[in-house]
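K.L.:
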Amino acid sequence: MSGSSSSPQAVRPSLIDEPLALTVHSLPEPRDAAISDSRRTRLGRLKMLLVLAICAAPVVASYFTYYVVRPEGRSSHGALIEPQRPLPAVNAASLQGQPVPLTSLKDQWLLVSVSGGACDATCEKNLYLQRNLRESFGKDKDRIDWVWLIDDAAPVRPELQSAVAQATVLRVDAAQLAQWLAPAAGQSLHDHLYLVDPMGNWMMRFPPVEKGDTKAARNIKHDVERLLRASVSWDEAGRPQR
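Residue numbers (the working numbering): 1 to 242.
#1: Could you give the C-beta distance for Gln96 and Leu193, rounded to a whole number, given that I count them as a contact under 8 angstroms?
#2: Taking the alpha carbon of Asp120 as the reference point, which residue from Asp191, Trp202 and Asp213 has its own alpha carbon closest?
#3: On the criterion of 16 or more Cβ atoms from any shown chain inside 10 Å, does Ser162 qualify as buried, or is it exposed?
#4: So Gly78 packs on Phe206, CB below 8 angstroms; how close in whole Å?
#5: Look up Asn201 in the DSSP assignment and give the residues it is bridged to.
#6: If you draw a straight line from the C-alpha of Lys141 to the C-alpha of Gly186, how long is it?
#7: Pull up the distance between the alpha-carbon of Ala89 and that of Thr41, whole angstroms please.
#8: If you reduce the DSSP assignment to three classes, tell me which class Leu102 lands in.
#9: Ignore the nearest five residues each way along the sequence and tell me which others in Leu181's own chain have a CB closer than 7 angstroms to its CB.
#10: Consult DSSP for Ser115 and reduce its assignment to one of helix, strand or coil.
#11: By a C-beta neighbour count over all protein chains shown, 10 Å radius and 16 as the cutoff for buried, is Asp223 buried or exposed?
#12: Would Ser231 be called buried (16 or more neighbouring beta carbons within 10 Å of its own) or exposed?
#13: Starting from Val149, trace the alpha helix (DSSP H) both ways and give me its first and last residue.
#14: Would you check if the distance between the CB atom of Leu87 and the CB atom of Gly238 is smaller than 7 angstroms?
#15: Could you check if Gln264 is buried or exposed, using at least 16 other CB atoms within 10 Å of its CB as the buried criterion?
#16: Below 8 angstroms on the Cβ atoms is my contact criterion, and I expect Val147 with Ala167 to pass it. Report the Cβ-Cβ distance as a whole number of Å.
#17: Pick out whichever of Ala153, Arg157 and Ala184 has its Cα sitting closest to the Cα of Ala174.
#18: Taking the alpha-carbon positions, what's the Glu82 to Arg229 distance?
#19: Note down the Cα distance separating Asn126 from Gly212, rounded to an integer number of angstroms.
#20: Could you check what DSSP says for Leu95 in three-state terms: helix, strand or coil?
#21: Whole-angstrom Cβ separation of Leu102 and Val156, contact assumed at under 8 angstroms?
#22: In this structure, how does DSSP classify Leu193 when only helix, strand and coil are distinguished?
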């Protein structure tokens, strides 16, 4: 039997015998980390401001159209409130005594009147005017709520409750209400109609309207119509589901 010679196979060194290689990374300097964090914070703020600007653009454009451009060339009948006053974060109450946050009225145009629960002749005239104005807007009437704010504890007679069944009727503390709405000089808070935009800002006060003054009523309607047209790109009928 012929012999054969075989060379010994090369033995690969075990991994455990190989030297351990370590890579040392330098730690960041505290000053560099602070600068990096500051840059990220500024970038985040800029992005947030950009998003807010994009969201607000249609609103700003519509108000610019109404306040500055005024394509119809007419001045406002109502007095513009500057700066606008947001709905206060206070609780009102329904006629049944249920608490209602006043801020829940947002997301609709509000045509507001104020009086005591006894509702004198001025109050009745304003409620009648509010109802008729809202109805006169036809398909756009669902973008407007007519609101009666009662600033005392006097009961509302049953026949009047029936007449305002489609209105939003709330009792609000008189002192809190007076911190939000204000009459013209020489007038009472009960004399006016007030317009609040869908963002919850009181932005217009209308002069008192005498009974039978159809011209003044038409002027109020023209002011509201222009605002409805200017805001049509971002304001929709009804409040969004919450």
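Virtual Cβ for every residue (Gly too), placed ideally from N, Cα, C.
P.N.:
Quick look at the numbers:
#1: Working through the sequence shown from its first residue, we reach residue 96 at position 96. Working through the sequence shown from its first residue, we reach residue 193 at position 193. Wrong, their Cβ atoms sit about 25 angstroms apart, outside the cutoff.
#2: Residue numbering aside, residue 120 sits at position 120 when the sequence shown is read from its first letter. For Asp120, the nearest C-alpha among the options comes from Asp191.
#3: Walking along the sequence shown from the start, residue 162 turns up at place 162. Classification of Ser162: exposed, given that the 10 Å Cβ count is below 16.
#4: The residue you call residue 78 lines up with position 78 of the sequence shown. The residue you call residue 206 lines up with position 206 of the sequence shown. That pair is a contact at about 4 angstroms.
#5: Residue 201 sits at position 201 when you count from the first residue of the sequence shown. DSSP output for Asn201 lists Pro86 as bridge partner(s).
#6: The count along the sequence shown starts at 1 and reaches residue 141 at position 141. The count along the sequence shown starts at 1 and reaches residue 186 at position 186. For the pair Lys141 and Gly186, the Cα-to-Cα distance works out to about 32 angstroms.
#7: Within the sequence shown, residue 89 is the residue found at index 89, counting from 1. Within the sequence shown, residue 41 is the residue found at index 41, counting from 1. Those two C-alpha atoms are separated by around 31 angstroms.
#8: The residue given as residue 102 occupies position 102 in the sequence shown. Note: Leu102 maps to helix in three-state DSSP.
#9: In the sequence shown, residue 181 corresponds to position 181, counting from 1. Here Leu181 has Val114, Leu189, Tyr194 and Trp202 as same chain residues with Cβ atoms under 7 angstroms from its own Cβ, once five neighbours each way along the sequence are excluded.
#10: One-based indexing of the sequence shown puts residue 115 at position 115. Reduced to three states, the DSSP call for Ser115 is strand.
#11: Taking the first residue of the sequence shown as 1, we reach residue 223 at position 223. Around the C-beta of Asp223, 16 or more other C-beta atoms lie within 10 Å, and the residue is accordingly described as buried.
#12: Against the sequence shown, residue 231 aligns to sequence position 231. The residue is buried, with at least 16 neighbouring Cβ atoms inside 10 Å.
#13: By one-based count along the sequence shown, residue 149 stands at place 149. Inspection of the sequence shows that residue 149 is occupied by Leu rather than by Val. Leu149 -> not in any alpha helix (DSSP H); beta strand (DSSP E) instead, spanning Ile144 to Ile150.
#14: Counting from one through the sequence shown, the residue named residue 87 turns up at place 87. Counting from one through the sequence shown, the residue named residue 238 turns up at place 238. No. Outside cutoff.
#15: This structure does not reach residue 264, given that the chain is present from 1 up to 242, and the question cannot be answered.
#16: Start at 1 with the first residue of the sequence shown, and residue 147 comes out as number 147. Start at 1 with the first residue of the sequence shown, and residue 167 comes out as number 167. At roughly 7 angstroms, the Cβ-Cβ gap stays under 8 angstroms, so Val147 and Ala167 are in contact.
#17: Within the sequence shown, residue 174 is the residue found at index 174, counting from 1. Residue Ala153 is the option with its Cα nearest to Ala174.
#18: What you label residue 82 is simply residue 82 of the sequence shown in a count that begins at 1. What you label residue 229 is simply residue 229 of the sequence shown in a count that begins at 1. Using only the alpha carbons, I get a separation of about 21 angstroms.
#19: Residue mapping note: residue 126 aligns to position 126 of the sequence shown, counting from 1. Residue mapping note: residue 212 aligns to position 212 of the sequence shown, counting from 1. Distance between Asn126 and Gly212, taken at the CA atoms: about 12 angstroms.
#20: In the sequence shown, residue 95 corresponds to position 95, counting from 1. It is coil, neither helix nor strand.
#21: On the sequence shown, residue 102 is found 102 positions in, with the first residue counted as 1. On the sequence shown, residue 156 is found 156 positions in, with the first residue counted as 1. At roughly 19 angstroms, the Cβ-Cβ gap does not stay under 8 angstroms, so Leu102 and Val156 are not in contact.
#22: For this step, residue 193 is matched to residue 193 along the sequence shown. In the structure shown, Leu193 sits in a strand (DSSP, three-state: E or B).
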